[in-house]
Every structure is written in C-alpha cells, then in structure tokens.
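Heads up, the thing below is written out as structure tokens.
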Ligand code: TH1
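Residue numbers (our numbering): 2 to 827.
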C-alpha cells in the first residue's frame, strides 16, 4: 500500500542540510558552544533557534498582511493558556519534523531526546487553559486574524511530587534557563493604574467628569509567543503581560491618607505576574487575583486601542467593526468596566455611545455551573483597588435594573437575581451577571451545558434577550492530539484516508468502512500495542512498576475534583481487589488503572483521594495474589507533555463525572480520537460523543441530569446504599482499617466520611452499582478482540466533530463574524 501525500502546502521548504547548518550555527553563535561540548539542553535550544528563524519570518509576513488589510480580529482574553511544549508542535506545523529528525540524526543527536528537554509551558490549570491553547492553534491554522492575551506568569502550575503517597507541590520554573520562543516587546510596554481615589469635576457645559487619581502605576511588559498554524504560512501571536515596577508611587495620594492602606505596599508590582493561582473551578477571592485580572485586561485593552488608533485616529466609529473580544470565563470580565472607563472618562464619549460600543465588542464563554467557581468580588475590594470601576459597575447596574423593571414591573425578586450586585452582609459584585449584561453573545461549551446555562443559571437573561445565549461545543486540535502525539496511528490513517485529515477531521469517517476489516483491525491494534509498550516503559521509569501490556489500560486523567469522581473509580478498584482476594479465580481480564491528576493545594479531600489512590496502589501492586490481574499506576506531575504519552496508549477512557457537573470535558475527545473507548456518564460532551459513535461503541452508565435532580429532591440518603450493597459497605469499612496504611488506621477515612456523613454531594454511592456493571461490560467487550478493535476504530473515525477547527468555525459564524485573511506571498 502506498502512502498518500498530503495536499498541505507548507510555506517553508528547507532542506536537511540547511536545517543542520542552521542548528550548528546557533550552537556556535547563539549558545557559544560546539558539537563536542553540547548536551541535550543545548541541542534543544539550538534546534529551537533554527526553527524560530522560520517562525519569525512567518510572523513578520502575517503581521504585515493583517496590517495592510486592516482586518477585523478576535482578541481572546484568558487568564490561562496551557501551551505545553512548542518545539515538536512547531516542527509538525511547519512540516519539518522529519527534516529535523534526519538532520539531528546526522549530528549524532536524537530528536526525541531533544524534545524531552523542553519544559512545559504550564500557564494554566486544566481544561479551560488547554482549550485556549487549542483555540489559538486553530485560529492560526484557519488564517484568522487573532491574538491571545494573557499573563506572563513567572511560575506556572506547580510541579507535583508524590512523597509517601501524598502530593507535594514544588514551584514550576518554566523559563529558568531562558525560553527560546518568547520575544520581549519593550516598545509596546503599557502602564496600568491601581488604587487611589476618584475626583468628581464639573467640566464645560455642566458635564460631570470623573478623574481617577491612582495610588500606584505598574508597567506591563509584553512577551510574544508565536503561534504557528498548520502549514506554517500563518503565524499569530500569544501576547502575555509581565508586571514590572514603574517606579511610580503617588505620594500625594498616600499623604492624603485613607486611600492607600498598608496592604497596598505589599502588592509589589512584580508579584502581580509572579504565580498562577492553582485553583481549578474555585473562586480564589484574593486581592492579588483581582489585580492579576485587571492588570492583563487593562494592558490588553490599551494595546488594542493603540493599534486601532494607529489606523483610525480618534474616530471610534469603526471600533466595533475591527475589534471583538472573547472573554474566557469571567476571569477577564473586569475588561468591560475598563473599556467603559476609557470611552467615557478618557475619550469623553457619552454613556450611551460608550455602552453601545462595549456591548458590540465583548462575548463571554461560560465554562462551569459549579457555584464555587462563579466569581464574586466584595464591592469593598473593588472599590479599594479600582475605585472608578466600582462606580461604573454601579452605573451599568442602575441602568440595567431600569430595563429589568420595564420587562418585569415591580418584580423585586427578579431584580435581586439579575442584579450585578448581590446584597447581603457584604455587598458582592457578580462577575457572571456583569459578563452577560456587557456582552452581545454568551455561550456554554457543550449542548447539555448550554441548555443548563439557559435553564438554571441565567433563565431570566434568556427571556430578556432571546438568542443571546447559545452553544459552542468545545474541540481539540488534532495536530497536537493525534498527528504529533500518535505518529504511528497518524501514518496508518494517512494510508487509508489520505493525509489531509489534520485540516478536515471529518475525513476520519473514511476509516469506518475498515472497522470490520481484519487486516486493518490488526494494524490499528498493533499501533495501540506499541503505544502501550512506550507508556509501560514510562511507568517503569517513573514508578519502577512493571505492567503487562496485554492488560486493559484504563486511563483517568484530569484535575482531581470530587465532581469528577476519581474516588468512584477507586472504590471500584478496591472492590475488584476484594473480589480477587475472595475468589482467586475471579474471572476478569487483566487491567491496569492509570491515573494522572493534580489537586489544588488547599483542597484537602482532593489531596486525600490522591493519597488513597497511591496507598491502594502500593498494596495491590505488591500483592502477588492479585497483581497478575490488577495494577494501579498513579503517574506524578500530570501535564500536557505527559498527556501526550498517556493518551495514545489508552484502551479505556474514564469520564465519570456526576451528570450536570462537567460542562464539557475535552480529555474525553482526545482519548476517543486515539481509539480509547469511553466509560462515561451522560454529562458534558460525553453525550455528543455518544451521539457520534453510537451506543454500541461507548459504555454509558449512571444517573442522568434529571435523575440526579429527582434523587436530590426526594432526599438522597447515601447510607441506604451502604447498607443495601455489601460490596460498598465492605470497601468503605476497609478504608477505616490499617490494611492500606499499616499502623495508621483511619488514614483513608475522610473519603468514607464525605460519602456517608457529609452527604455524598456528587452521588458516588448512587452511581456505584451502575458503574461496576458498566465495567463488567468493558471486560466482556475487551475479550472479544475483533469487537474491541471495531469499537476503537469507530471511535477514531467518528471524532471529526470535535476538532477545535469546528468550534472556531462556530464562533466565527455565530459570534465573531470574522473573515480569514491568508498571508500574502512575498
Ligand atoms: C473547565 C470545565 O470544567 C470543563 O468541563 C471544560 O471542558 C473546560 O473548562 C473547557 O471548557 C473549567 N475550568 C475552569 C477553571 C477555572 C474556573 C472555571 C473553570 S470551568 C479556574
């Protein structure tokens, strides 16, 4: 069979010898070393530098094209961008992977070793940050004028170590030895004001004018990370702001007293961009976090306006034609009052004109319904840090309340619900309400989630502005999540459907007709087997644990959270262990349960669950009575680059959140794309995955959203399940012994307590039996090799919908109204 060539035309054609020469040149001239002295780290940097030459040329052409065409652009505001590693991605997207591989080979260096030198750029927590990274990949690939704006954290998400089974957090220092991709742009430094007070002045013709006298000014230094589109023609930018001291401190304000309290001095300019808050789906409520949010929004808005003014001067009339800003959750919502401030106080537009501009510029994506993740800031805190913004927020709210009163005259209950301000002991500013009110479009991230956003979170907003709330189902970039991370499967796919699927993922459908083809099944499963061997080697290296690659590789990778229910998987693992101990002939196909998860450092129960998984793993893995059938591997420091190794090797994908809690999930898409079969609840994008692959090719179990609600309403009693189901009782009681924690009985009992005494909020026990039964179906299906191969192939074949290119196309058509702008030759 001959491999079909891709239609992909790459801009860059550089030969192996040219690439080699470039790497050597950089080894000599950029790194000041030579071939004999260089270690892998130096080779990595030299290879990046060789690549960066191509990247920067693409960037220059792209920026020139956008400038000359004066294009409308989307500005993606996100507090998180989880980029991972860039070298292999950039090589892939330029079509230079094989060239680089051969060039380095001739230099006696292994590209795969060199790639391992790159620290992950982990400027995000999980799904939300990685989604932003996939989206900017798609935007660049689709020739769309776009820029990502975020924070240049000095320390990204912590590095996780496991000591004695427990998570220990270590600082992440991704740029300690220099980052070869980022470019500092001192010419675009911005200044941002904080603290101080507002002066009310009466201008000419009696117009009230407000002047903010800031107490502090910090500098924002932009660092640009080039984002290479597939094909290498279009290169966009991710612009990240680093805070620096401006040397400005307003002594007048300070001496006037009262405005600047002692804490202000504590917020040193440079701490603003020092560290990423490690909380996924929890609102931090901390002053520094609000300052971070404001800092990057204010810098980014100034940057956008500077660029606009260069082309249009002081004429604001075309601003909304040129600029659309997507708010990635409410983290950048403070940009709304900031733009109002600029327009009203600075540009001196009247309120209505300013508001008309604002509400044509912003669009907002909601990523969660979890109450603990919905951001609220104490009004007093905003007043202290951003006194003028609080006034503006009150004014926005005041005018909005009038609108509400027109629709629901005299209805104070609706008003209280829709108000940006939550009254109570402490007045709070609800950033979700502000975002909906200040945006022209609001979207959820999967069908069911968007439906729940309309029904449960913002029903009155939906009634007030029909059509404003919509859905854009998430997606993932197939360049990183199949082509780059699973080259063997990619090559096999190329042979069947051609090599254009990375740009048009629906073409994977073409694999479906081979789902029953014995030869193809063998080839497909052979690739899986090889990938499992690679992961087995990684497990050996990392945990010194031997695993059998004939076993089912059952993978659960995601942040640790009770709603994601890693402890449901744990209870089932303990139950299997118990069944095997009670009956050594218990009939099951060997299985390796593989976990990757970080817990927020302050989330006690999440850390307890990590500890419990590790303790149970230790016992099982060392128990010769069962460990030919059962193993558990918790791989430390889960991150993008580790995901790239785990996903291609997975047979089973665990997506077992309580229905209604996981907005979308994106790991579910990555795993299915690589031929893993989902064990999942009817939650988030699992539902849409099930629709695509069909009921025979997924293991759905458990309560639906409606059933969850009904059960909670009727009064859920977890003890009923404990007493009714002997296995649940045995396993939970086991946790209180010292069986898994010798000499320390009760070391795992907080989990039992949360499930029984604290009410099992996420219905783990209610779903246990259905889960255990679904796992029996998995076991049975896997033993039928042909059936399993067919299922796996169908999963890959039917993932076309979940390319982030489709998500971006949805945003383009329904929200952004953007046109692509291919980069001119020359
Ligand atoms: C995640 C959602 O939990 C997940 O279901 C979804 O696929 C992903 O976003 C992308 O849409 C979220 N991550 C965060 C992180 C923070 C706050 C809210 C959310 S929702 C800090």
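For each residue, glycine too, the CB sits at the ideal point set by N, CA and C.
Given residue i as reference, the closest of the options once Cα atoms are compared
i: residue 637; options: 650, 674, 599; result: 599
i: residue 448; options: 481, 688, 810, 283; result: 688
i: residue 245; options: 226, 273, 225, 199; result: 273
i: residue 433; options: 542, 115, 419; result: 419
i: residue 275; options: 378, 561, 282, 292; result: 292
i: residue 672; options: 665, 648, 682; result: 648
i: residue 813; options: 97, 144, 15, 756; result: 144
i: residue 747; options: 733, 759, 760, 758; result: 733
i: residue 298; options: 26, 76, 170, 566; result: 76
i: residue 149; options: 344, 224, 595; result: 224
i: residue 188; options: 196, 304, 119; result: 304
i: residue 423; options: 463, 379, 385, 465; result: 379
i: residue 167; options: 742, 339, 381, 430; result: 742
i: residue 58; options: 509, 388, 233, 169; result: 233
i: residue 284; options: 345, 370, 760; result: 370
Residue i and residue j closer than 8 Å at C-beta
i: residue 363; j: residue 301; result: no
i: residue 309; j: residue 327; result: no
i: residue 1; j: residue 238; result: Absent from the structure is residue 1, since the part of the chain shown begins at 2 and ends at 827.
i: residue 573; j: residue 754; result: no
i: residue 335; j: residue 365; result: no
i: residue 348; j: residue 229; result: no
i: residue 678; j: residue 654; result: yes
i: residue 175; j: residue 123; result: yes
i: residue 698; j: residue 584; result: no
i: residue 695; j: residue 794; result: no
Boundaries of the alpha helix (DSSP H) in which residue i is found, first to last residue
i: residue 101; result: 98–107
i: residue 710; result: 706–714
i: residue 436; result: 432–439
i: residue 48; result: 41–70
i: residue 542; result: 519–544
i: residue 390; result: 388–408
i: residue 622; result: 605–622
i: residue 269; result: Note, residue 269: premise wrong, no alpha helix (DSSP H); not H, not E.
i: residue 788; result: 786–798
Classification of residue i by the beta-carbon crowding that lies within 10 angstroms, buried from 16 upward
i: residue 630; result: buried
i: residue 319; result: exposed
i: residue 530; result: exposed
i: residue 456; result: exposed
i: residue 215; result: buried
i: residue 4; result: Annotation note: pLDDT 38 at residue 4 (below 50); position unreliable, no value reported.
i: residue 426; result: exposed
i: residue 30; result: exposed
i: residue 210; result: exposed
i: residue 155; result: buried
i: residue 40; result: exposed
i: residue 157; result: buried
i: residue 164; result: exposed
i: residue 69; result: exposed
i: residue 716; result: exposed
Any non-hydrogen atom of the ligand NAP closer than 7 Å to residue i Cβ
i: residue 660; result: The ligand NAP is absent from the structure shown, which contains only the ligand TH1.
Residues near residue i by beta carbon distance below 7 Å, same chain, minus five either side
i: residue 101; result: 20, 48, 92, 112
i: residue 541; result: 547
i: residue 575; result: 617, 732, 735
i: residue 63; result: 235, 236, 237, 824
i: residue 110; result: 44
Close-in-space but distant-in-sequence residues of the same chain around residue i (CB under 6 Å, 5 per side omitted)
i: residue 146; result: 67, 72, 74, 822
i: residue 476; result: 803, 804, 805, 807, 808
i: residue 607; result: 561, 600
i: residue 816; result: 364, 442
i: residue 506; result: 479, 801, 804
i: residue 462; result: 437
8 Å CB neighbourhood of residue i in its chain, flanking five on each side removed
i: residue 259; result: Because the pLDDT at residue 259 is just 49, under 50, the model does not fix this residue reliably, and the value given afterwards should be weighed accordingly. If we look at residue 259 and ignore the five residues flanking it on each side, it has no Cβ neighbours.
i: residue 712; result: 704, 764, 767
i: residue 480; result: 90, 93, 94, 138, 142, 231, 503
i: residue 581; result: 587, 589, 626, 627, 630, 631
Residue i: first and last residue of the uninterrupted beta strand (DSSP E) it sits in
i: residue 128; result: Run containing residue 128: none in the beta strand (DSSP E); it sits in the alpha helix (DSSP H), 128–142.
i: residue 223; result: 217–229
i: residue 444; result: 442–445
i: residue 179; result: Residue 179 -> no beta strand (DSSP E), and no H or E assigned at all.
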